[in-house]
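Undergrad: Chains as they are written, first to last, in the numbering used here: chain A, 1 to 392; chain B, 393 to 678.
Yeah, the Cβ is synthetic: ideal placement off N, Cα and C, and Gly gets one too.
Pasting a structure below so you can have a look.
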């Protein structure tokens, strides 16, 4: 074989390989996820990441999804920020360099604040499905077309926080003591709820605690001295179990109101509490019996992760994850593209998705979905009030 | 207000005794091996999870669960010593790097096995003691008594037994101790394993008071190192004293000032002490 023939053959083989790779690359849609999977604040990120994984595996197991004539599969790239902003910026920058068009997360306010400037620089090139509370204030701002917030907002006419404060008012509450972690989210929550309680004519007493605190006796004793009607602790079960136990055991208070966290601490201390009112995006224990989609999700979760279903943390699967992956796929199909992010965003804003939750986005790009308010009373009796702001 | 202050002072003593038991492990390990074992916090976390598993999942009685956890953590401590720590003797930096690496590995293992969902042990001793308007949870009082007994027991063992005296001798002059027939390698392994057992005990009793999650050890090892420095590294009773001072200053600081800066109150106290006594409260004067 002459040298020119060998070169020609090598060229044909090489171009064939390259074409094959290009074809494979086109058939995959990358989804990035940037969440704390380990570390003290990992609860939200860990559950969100699991919800995303379940959706991606379900879709790929069915052979992927069609957009136009092509069938695509999803490739999930999950990064562990450990809740550290510096770590998150490195990982997020890498995703942008790798041209990932869809990024889920972050849930944590401090991480969102850190990556926001990098995201702004990449505006128009990707969509960010963030659950972080601080993302609310960035919605609709210039250079923020990439941003979608995947969680109900606390305040506003259909805000769950406002509905819950109204609920407290009906219980003749005069004074609330707020005990939150001294971090970016804690301060944001104090800002949001100071306004809501003021509007409702309820006096508010605030104490912030050091991240990592497990013994809340001093803070609880201080707050109890102000004789509040109800304690408003936050914001994850990692502290709620301890706060509820220490508060009831030492007689600092037995009435609780919370807007993030599960009802697990109430059920654990059911004979010691008087009231425990919690915003729970979905009460899975009950929904499993009445909603086939919830039942299927739980079975899928158990099959994929080969472990018991974490009922108390399950609602977090809604944030930047399970339903939103399906919603994104449907939006890509409606938009007829997998990479024109402006068209996909427009499709997302114009649809209502009916999955585990009924979800739609408002005109700013913030999710609105139905949720439950659970009132646990002494002895463990549970009363569920369901709200569906998507109808309004 | 008086009740609030006294109540929080007593609570500080209880919390401080937990810092003290881990600080005792820190000070013993440092004295005999020359390394600051930051992984003791992770051993404490292991002890907490092992106790939860044996008590709530397997169904053992609580004391048996704690004993099982201590044995389990001691075995892990022994394996860690033979596989890793024995190669870092006398080398502070290498020991530090190995122990920090172990924290990541241990936390990742527990996270993979039990997720981040907090585990809250079935209450062992519910209820509280009410004395003159001061409320103290029964479990905290019981745990504090056990910690005090273990720390004083360790002190007695170190001062009244041959092994304890050998340890003191080694800490003061390793070569002379070796020449007097002390099997130094074995002694170091015993101390490393005993320190991890103390951390395991700390974790087992911690789990009866607070909810547990994979990262609980990190905060407590820092407090323990603070307590050891505050007391003066090498002092057994000082480790307890340092822990209690730290616990009380954090609790009282949180009463009079914002609890958002709880850790800072202990640190301010530590700095103030070190300015006056650089060797720590119970340590040797330089």
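#1: What whole-angstrom Cβ distance do residue 437/B and residue 506/B have, given they're in contact under 8 Å?
#2: If we require 3 or more residues per run, which beta strand (DSSP E) segments fall completely within the segment 271 to 357 of chain A?
#3: Decide yes or no for the touch test of the segment 612 to 624 of chain B against the segment 453 to 464 of chain B: beta carbon pairs closer than 8 Å, at least 3 of them.
#4: Using the beta-carbon of each residue, which ones in chain B are nearer than 7 Å to residue 355/A?
#5: What is the DSSP secondary structure of residue 178/A, reduced to helix, strand or coil?
#6: Give me the Cα-Cα distance between residue 241/A and residue 569/B, rounded to the nearest whole angstrom.
#7: Tell me the DSSP bridge mates of residue 372/A?
#8: Indicate the three-state DSSP secondary structure (helix, strand or coil) for residue 405/B in the structure shown.
#9: Checking 7 Å against the spacing of the C-beta atoms, do residue 433/B and residue 609/B come in under that value?
#10: Please classify residue 554/B as buried or exposed, where buried requires at least 16 neighbouring CB atoms within 10 angstroms.
#11: Using 8 Å for Cβ pairs, my map puts residue 361/A next to residue 148/A. What's the rounded Cβ distance?
#12: Kindly confirm or deny that the segment 198 to 211 of chain A and the segment 121 to 139 of chain A touch, where touching means at least three C-beta pairs closer than 8 Å.
#13: Kindly list, in the order they appear in chain B, the residues whose Cβ is closer than 7 Å to that of residue 219/A.
#14: Does the beta carbon of residue 409/B sit closer than 7 Å to a beta carbon anywhere in chain A?
#15: Within 10 angstroms of the Cβ of residue 98/A, are there 16 or more other Cβ atoms? Answer buried if so, exposed if not.
#16: Would residue 282/A be called buried (16 or more neighbouring beta carbons within 10 Å of its own) or exposed?
#17: Below 8 Å, how does it come out for the segment 400 to 416 of chain B and the segment 638 to 648 of chain B: are there three or more Cβ pairs, yes or no?
#18: Does residue 448/B come within less than 7 Å of chain A when only Cβ atoms are used?
#19: Go ahead and label residue 572/B buried or exposed: buried means 16 or more other beta carbons lie within 10 angstroms of its beta carbon, across all protein chains shown.
#20: Kindly identify the DSSP beta-bridge partner or partners of residue 423/A.
#21: From which residue to which residue does the beta strand (DSSP E) around residue 32/A run?
#22: Does residue 67/A come out as helix, strand or coil in the three-state DSSP assignment?
#23: What ranges does the alpha helix (DSSP H) occupy inside the segment 420 to 475 of chain B, keeping only unbroken runs of at least 4 residues that lie completely in it?
#24: Go ahead and label residue 172/A buried or exposed: buried means 16 or more other beta carbons lie within 10 angstroms of its beta carbon, across all protein chains shown.
#25: Counting only the same chain and skipping the five closest in sequence on each side, list residues whose C-beta sits under 7 Å from that of residue 107/A.
#26: Ignore the nearest five residues each way along the sequence and tell me which others in residue 41/A's own chain have a CB closer than 7 Å to its CB.
#27: Report the option in 76/A, 201/A, 63/A whose CA atom is closest to the CA atom of residue 101/A.
#28: Could you spell out where the alpha helix (DSSP H) holding residue 583/B opens and where it closes?
#29: Please determine, among 187/A, 206/A, 344/A, 350/A, the residue with the shortest C-alpha to C-alpha distance to residue 124/A.
TA: Quick look at the numbers:
#1: Their Cβ separation, rounded to whole angstroms, is 11 Å, which puts residue 437/B and residue 506/B out of contact at 8 Å.
#2: 275 to 280, 352 to 354
#3: By the Cβ test, the segment 612 to 624 of chain B is not in contact with the segment 453 to 464 of chain B, since fewer than three Cβ pairs between them sit closer than 8 Å.
#4: Within chain B, no residue comes near residue 355/A; the closest Cβ sits about 23 Å away, beyond 7 Å.
#5: strand
#6: Cα to Cα, the separation comes out at about 50 Å.
#7: 280/A, 386/A
#8: helix
#9: yes
#10: exposed
#11: 6 Å
#12: no
#13: 646, 651
#14: no
#15: exposed
#16: buried
#17: yes
#18: Not one chain A Cβ lies under 7 Å of residue 448/B.
#19: exposed
#20: This structure leaves residue 423/A out entirely; chain A is present only between 1 and 392.
#21: Where residue 32/A is concerned, the enclosing beta strand (DSSP E) stretches over 28 to 35.
#22: strand
#23: 432 to 444, 454 to 475
#24: Answer is exposed; the Cβ neighbour count stays below 16.
#25: 35, 44, 45, 48, 131, 132, 319, 320
#26: The answer, listed in chain order, is 83, 108.
#27: 76/A
#28: 576 to 598
#29: Proximity to residue 124/A across 187/A, 206/A, 344/A, 350/A peaks at 344/A, based on C-alpha coordinates.
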